[in-house]
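Notes to accompany the following structure.
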Amino acid sequence: MALLEIQHVDISYGNRVTVTDSNLTLEQGEICSIVGESGSGKTTVIRAVLGLLPGGGRVSAGDILFEGKSLLGLSQKEWRALRGHDISMIFQDSGAMMNQTRLIGSSFVEYIRTHEELSKQEAWKKGADMLARMRLPDSDRIMRSYPFQLSGGMRQRVGIAMGMTYQPKLLLADEPTSALDVTTQAQIVRQMMELRDEYGTSIILVTHDLGVAAYMGDKIVVMKNGRIEDAGDRGHMLHETDNAYTQLLLDAVPSLGGKRYV
Amino acid sequence: MFDEKDIILEAKHVTRRFPAAGGRELTACNDVNLKLYRGRTLGLVGESGCGKSTFMRFLVWLDTPTEGEIIYKGKDITKLRGQELWENRQHIQMVFQDPSTSFNPKMRIKDIVCEPLLNYGRIKPSEKDAKARELLEMVELPGDFADRFPHNMSGGQRQRVAIARALALEPEIIVMDEATSALDVSVQKTIIELITRLQREKGITIGFICHNLGLIQSFAHQVAVMYLGNIVEVMPGEIVSKQAMHPYTKALIASVFDTKMDFSKKIDPIRGEPPSPLDLPTGCPFQDRCDRCMELCRRERPALHEVGPEHEVACHLFAKGGEEA
Chain U
0 MALLEIQHVD ISYGNRVTVT DSNLTLEQGE ICSIVGESGS GKTTVIRAVL
50 GLLPGGGRVS AGDILFEGKS LLGLSQKEWR ALRGHDISMI FQDSGAMMNQ
100 TRLIGSSFVE YIRTHEELSK QEAWKKGADM LARMRLPDSD RIMRSYPFQL
150 SGGMRQRVGI AMGMTYQPKL LLADEPTSAL DVTTQAQIVR QMMELRDEYG
200 TSIILVTHDL GVAAYMGDKI VVMKNGRIED AGDRGHMLHE TDNAYTQLLL
250 DAVPSLGGKR YV
Chain B
0 MFDEKDIILE AKHVTRRFPA AGGRELTACN DVNLKLYRGR TLGLVGESGC
50 GKSTFMRFLV WLDTPTEGEI IYKGKDITKL RGQELWENRQ HIQMVFQDPS
100 TSFNPKMRIK DIVCEPLLNY GRIKPSEKDA KARELLEMVE LPGDFADRFP
150 HNMSGGQRQR VAIARALALE PEIIVMDEAT SALDVSVQKT IIELITRLQR
200 EKGITIGFIC HNLGLIQSFA HQVAVMYLGN IVEVMPGEIV SKQAMHPYTK
250 ALIASVFDTK MDFSKKIDPI RGEPPSPLDL PTGCPFQDRC DRCMELCRRE
300 RPALHEVGPE HEVACHLFAK GGEEA
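And the structure:
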């Protein structure tokens with residue numbers, strides 16, 4: 000049984016269908032990259048998996064199965080147990096998703112205590128341990144910091160550490176490296192690859208960067224105007240596909256020692 | 000490839016310090032020496048906060064350096080004031096990263112692209128419509144866009160308008176600050192093609208700020224790498240992938256993801272993040288992240304020295320001539 004199956008899903012806002020007939024199957028330990036230009040609907044698809052469509056958005060056709068069970072009919076209580084436990088999400092800027100007026104440790108403790116009956120001290124320790132396991136130096140100081148006191152790369156690592164606390168089976172990453180510098184991006188990409196190797200986490204990565212998508216993804220899905228334009232495993236997508244749009248995107252990636260314009 | 004007589008603008012020993020809290024100083028640019036050649040592109044690469052934008056802003060008088068001079072047409076432009084400064088602004092123009100915030104949202108496209116021309120009295124108000132159409136067609140946009148507002152256009156189209164506005168006065172130098180970073184990769188490619196075509200046709204000199212080494216080396220004649228306010232390597236664009244020497248440049252190259260790379264190999268990024276520019280160590284700015292740091296590097300700051308044709312490196316590892324010391 001596949002870990003996640005998205006079957007013929009349409010997503011609508013009001014009467015307007017924005018994503019049409021998307022299909023995706025993800026096995027345990029697999030990484031799938033979804034690429035496309037802004038507005039192609041790639042973020043909408045993974046938000047639907049976590050039931051996080053913004054106001055008025057809903058899945059209007061098809062089904063999303065997680066471990067064989069439909070996610071669409073879940074109650075609020077079932078969602079709370081699932082989110083952050085079996086399925087986690089990392090956002091473009093993990094600092095911005097946290098409460099700016101609370102210490103990182105305080106947000107982290109609250110999150111841990113919604114999933115587990117621990118005292119505040121125990122939860123604090125668990126959080127600090129998790130940061131240390133994600134190779135954040137000086138984890139106690141980070142727990143006592145506010146989100147804005149950390150650099151973008153550090154904040155993203157904190158976001159990953161939070162998301163990985165319960166070793167979720169599925170990690171959804173929405174442009175996790177787009178706001179970072181190139182060397183920090185490489186560090187975060189490496190860390191996400193290690194998550195898969197160490198914990199067997201499946202990852203869906205949404206990105207507009209084809210280089211990162213190709214490096215991380217076993218599978219690559221190309222979206223355009225709310226439809227899946229092309230999909231397949233990496234080797235096929237990079238070398239064999241005859242889809243013109245995929246070719247166009249691939250040709251546009253600047254490559255070291257590749258095409259020069261002058 | 001580069002000729003001394005083609006130097007159009009030269010920055011000499013440019014330093015910029017900002018006062019910081021507690022009586023300390025932040026050095027954003029430290030003794031920067033760079034040359035811009037006629038009809039060529041200088042790409043300035045580095046991570047956020049390395050001082051690349053601070054430097055380029057001097058060229059368009061958005062800031063002035065604390066020390067040093069910038070020579071353009073035989074004059075130090077950092078000292079220009081009043082009428083003379085106003086006259087000179089025509090010759091160096093700028094394109095910003097985010098075109099949606101660098102336009103007045105209440106102005107129509109024709110007013111945006113013709114504003115510089117009207118400012119300098121180059122056209123009469125009655126000629127505006129025709130001129131706007133001509134400028135838009137130059138950047139491969141339909142002339143009918145002249146009556147639109149910025150919010151009716153996509154990011155790529157807006158960036159084309161920004162380029163049209165910068166080119167309206169037919170400047171000799173254009174400074175582009177991350178002009179393609181906010182765009183999709185396919186749009187980015189078309190903008191780069193546009194820029195390089197216009198450069199060939201009009202012989203414009205471009206100063207391009209970018210954090211993506213893969214992109215910049217594809218169209219820059221000359222690439223300068225900056226780290227914590229210091230230029231650490233300057234080289235011709237075509238040798239970046241093969242002959243880059245400085246450990247920081249190599250680290251940047253190792254961080255580039257592209258679709259033709261070897262996916263079975265683990266990427267090996269450098270550790271850590273740049274230290275705060277407030278407390279710079281003595282010696283080499285890159286010492287704490289460099290895996291080949293020597294005792295000398297902690298004591299003495301390396302100066303740029305020539306290691307090949309048009310190729311300069313600031314690193315103690317390489318003595319004169321490019322041989323490893």
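Which chain is which? The protein sequence lines are U and B, in order.
For the first sequence, numbering that gives the first Met the number 0 assigns the number 0 to the initial residue and increments by one for each residue that follows.
For the second sequence, numbering that gives the first Met the number 0 assigns the number 0 to the initial residue and increments by one for each residue that follows.
Each residue gets a CB set at the ideal place from its N, CA and C atoms; glycine is no exception.
Where does cysteine 296(B) sit, in a helix, a strand or coil, going by DSSP?
Judged by DSSP in its simplified three-state form, cysteine 296(B) adopts helix.
Whose Cβ in chain B lies nearer than 9 angstroms to the Cβ of serine 138(U)?
None at all; the shortest Cβ gap to chain B is about 16 angstroms.
Could you pull the DSSP bridge partners for aspartate 176(B) from this structure?
Answer is Ile208(B), bridged to aspartate 176(B).
Where does alanine 219(B) sit, in a helix, a strand or coil, going by DSSP?
In the structure shown, alanine 219(B) sits in coil (DSSP, three-state: anything other than H, G, I, E or B).
Chain B contacts made by the stretch 27-57 of chain U, where a contact means CB separation under 8 angstroms
When CB distances to chain B are screened at a threshold of 8 angstroms, the residues of the stretch 27-57 of chain U falling below it are Glu36 and Ser37, in chain order.
So isoleucine 252(B) and leucine 212(B) are supposed to be a Cβ contact under 8 angstroms. How far apart are they, rounded?
Correct: roughly 6 angstroms between the Cβ atoms.
Which one of Asp110(B), Ser240(B) and Cys209(B) has the shortest CA to CA distance from methionine 225(B)?
Closest by alpha carbon: Cys209(B).
DSSP on histidine 315(B), reduced to helix/strand/coil?
Reduced to three states, the DSSP call for histidine 315(B) is coil.
Measuring only the C-alpha atoms, how far is glutamine 242(B) from isoleucine 215(B)?
Those two C-alpha atoms are separated by around 16 angstroms.
For serine 74(U), decide whether its Cβ has a neighbour in chain B, counting only Cβ atoms nearer than 7 angstroms.
Contacts with chain B at 7 angstroms (Cβ-Cβ) do not include serine 74(U).
Under a CB-based cut-off of 7 angstroms, is glutamine 186(U) close to chain B?
Answer yes: the Cβ-Cβ gap between glutamine 186(U) and chain B drops below 7 angstroms somewhere.
In chain order, what residues of the stretch 226-256 of chain B put their CB closer than 8 angstroms to some CB of chain U?
Of all residues in the stretch 226-256 of chain B, only Gly236, Glu237, Val239, Ser240, Lys241, Ala250, Leu251, Ile252, Ala253, Ser254, Val255 and Phe256 place a beta-carbon less than 8 angstroms from a beta-carbon of chain U.
Reduced DSSP secondary structure (H/G/I, E/B, other) of threonine 26(B):
Residue state, collapsed to three classes: strand.
Excluding five sequence neighbours on each side, which residues of the same chain lie with their C-beta closer than 8 angstroms to the C-beta of arginine 297(B)?
So the qualifying residues of the chain are Pro280, Thr281, Gly282, Cys283 and Gln286.
Those residues which DSSP pairs with arginine 16(B) across a bridge:
Beta-bridge pairing links arginine 16(B) to Thr26(B).
Return the Cβ separation of leucine 247(U) and serine 32(U) in integer angstroms, given the expectation that the two are a contact with Cβ distance under 8 angstroms.
About 17 angstroms separates the two Cβ atoms, so there is no contact after all.
On the premise that proline 235(B) lies in contact with isoleucine 26(B), defined as a C-beta separation below 8 angstroms, what is that separation, rounded to the nearest angstrom?
Note that residue 26(B) is threonine in the sequence shown here, rather than isoleucine. That belief does not hold up - the Cβ atoms of threonine 26(B) and proline 235(B) are roughly 28 angstroms apart, past 8 angstroms.
Under the criterion of a Cβ to heavy atom distance below 6 angstroms, does glutamate 4(U) qualify as lining the ligand ADP?
No copy of the ligand ADP occurs in the structure displayed, which carries no ligand at all.
Beta strand (DSSP E) segment containing alanine 172(U), residue limits:
Taken as a continuous stretch (DSSP letters only), the beta strand (DSSP E) holding alanine 172(U) covers 169-173.
Answer with yes or no whether the minimum CB distance from leucine 25(U) to chain B is below 7 angstroms.
Not one beta carbon of chain B lies nearer than 7 angstroms to the beta carbon of leucine 25(U).
On the DSSP letters alone, give me the boundaries of the alpha helix (DSSP H) that glutamine 190(U) sits inside.
181-198 is the extent of the alpha helix (DSSP H) around glutamine 190(U).
Verify the CB distance criterion: does serine 150(U) have a CB-CB separation below 7 angstroms to chain B?
True, the Cβ-Cβ gap to chain B drops below 7 angstroms.
May I ask which residues mark the beginning and end of the alpha helix (DSSP H) holding phenylalanine 54(B)?
Looking at the DSSP string, the run of the alpha helix (DSSP H) that includes phenylalanine 54(B) is 51-58.
State the Cα-Cα distance for the pair aspartate 30(B) and phenylalanine 57(B), rounded to the nearest angstrom.
Near 14 angstroms, if we compare the C-alpha coordinates of phenylalanine 57(B) and aspartate 30(B).
Can you pull the chain U neighbours of glutamine 187(B), defined as C-beta to C-beta under 9 angstroms?
Counting only Cβ-Cβ distances below 9 angstroms, glutamine 187(B) has contacts in chain U at Ala251 and Pro253, in chain order.
Give, in chain order, every unbroken run of the alpha helix (DSSP H) that is at least 4 residues long and sits entirely within the stretch 55-100 of chain U.
You should have 75-81 and 93-96.
From this set, Asn32(B), Gly22(B) and Ala250(B), which residue's C-alpha is nearest glutamate 311(B)'s C-alpha?
Relative to glutamate 311(B), the option among Asn32(B), Gly22(B) and Ala250(B) whose CA is nearest is Asn32(B).
Check whether the Cβ of serine 47(B) lies closer than 7 angstroms to any Cβ atom in chain U.
Yes - at least one Cβ of chain U is within 7 angstroms of the one on serine 47(B).
Can you confirm whether phenylalanine 148(B), when its beta carbon is compared against all beta carbons of chain U, has any partner nearer than 7 angstroms?
Answer no: the Cβ-Cβ gap between phenylalanine 148(B) and chain U never drops below 7 angstroms.
Can you pull the chain U neighbours of lysine 51(B), defined as C-beta to C-beta under 8 angstroms?
For lysine 51(B), no chain U residue has a Cβ inside 8 angstroms of its Cβ, as the nearest lies near 12 angstroms away.
For valine 174(B), collect the residues of the same chain with a Cβ closer than 6 angstroms to its Cβ; drop the 5 residues on either side in sequence, then sort them by chain order.
The residues are Met55, Leu58, Val59, Met93 and Gly206.
Out of Ser144(U), Leu255(U) and Arg132(U), point me to the one whose CA is closest to glutamate 193(U)'s CA.
Glutamate 193(U) has its Cα closest to that of Arg132(U), out of Ser144(U), Leu255(U) and Arg132(U).
According to the Cβ coordinates, are isoleucine 63(U) and leucine 73(U) closer than 7 angstroms?
No Cβ-Cβ contact shorter than 7 angstroms links isoleucine 63(U) with leucine 73(U).
Which term fits arginine 291(B), buried or exposed, when burial requires 16 or more other beta carbons within 10 angstroms of its beta carbon?
Within 10 angstroms of the beta-carbon of arginine 291(B) lie fewer than 16 other beta-carbons, which makes it exposed.
Is the Cβ-Cβ distance between histidine 134(B) and alanine 163(B) less than 7 angstroms?
With the sequence shown as reference, residue 134(B) is identified as leucine, and histidine is not the correct amino acid for it. Leucine 134(B) is a Cβ neighbour of alanine 163(B), given a cutoff of 7 angstroms.
Test item: CB-CB of glutamine 158(B) and isoleucine 190(B) under 7 angstroms:
Against a cut-off of 7 angstroms, the Cβ pair of isoleucine 190(B) and glutamine 158(B) comes out as a contact.
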